[in-house]
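The sequence shown lines up with residues 344 to 429 when you count with the working numbering.
Using N, Cα and C, we set each Cβ at its ideal position, and we do this for glycine too.
Notes follow the structure.
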Amino acid sequence: MAETWRSLGSYAMTLGSTARVHLFEARRLSVGPQELTPTEQDFKLSWWSMGDAIDAVAQGRFLLPAGPLALLLADSRVRVGDHRED
């Protein structure tokens, strides 16, 4: 569960498409009950530091297409001191 969400923006999924992906940073996380669908049964929850997540992106270990963009945007906001919550 996330106590707060901050928008990181929305971006075109592909050139020439009207479909957009909306990216958010979740803050103040807590573990809640899982309600996995049958296709999600093999999912494993793991917590990474931002540095480890960025390393995973650089090594091609981050599998969600919009995930690397969201991580890089969130990391850049932290680096410039933008700690606002939208």
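Leu379 and Gly410 have their C-alpha atoms some 20 Å from each other. Look at the beta carbons and you see the region 394 to 403 not touching the region 366 to 379: under three pairs across the two are nearer than 8 Å. Counting only residues of its own chain and dropping the five nearest sequence neighbours on each side, Glu346 has a CB closer than 7 Å to the CB of Arg370, Arg371. A direct Cα-to-Cα measurement between Trp391 and Ser360 gives close to 33 Å.
In this structure, Arg363 sits near Ser353, with a CB-CB distance shorter than 7 Å. Taken through DSSP and simplified to helix, strand or coil, Gly410 comes out as helix. No residue range can be given for Ala362, since it is assigned to no alpha helix (DSSP H) and is classified by DSSP as neither H nor E.
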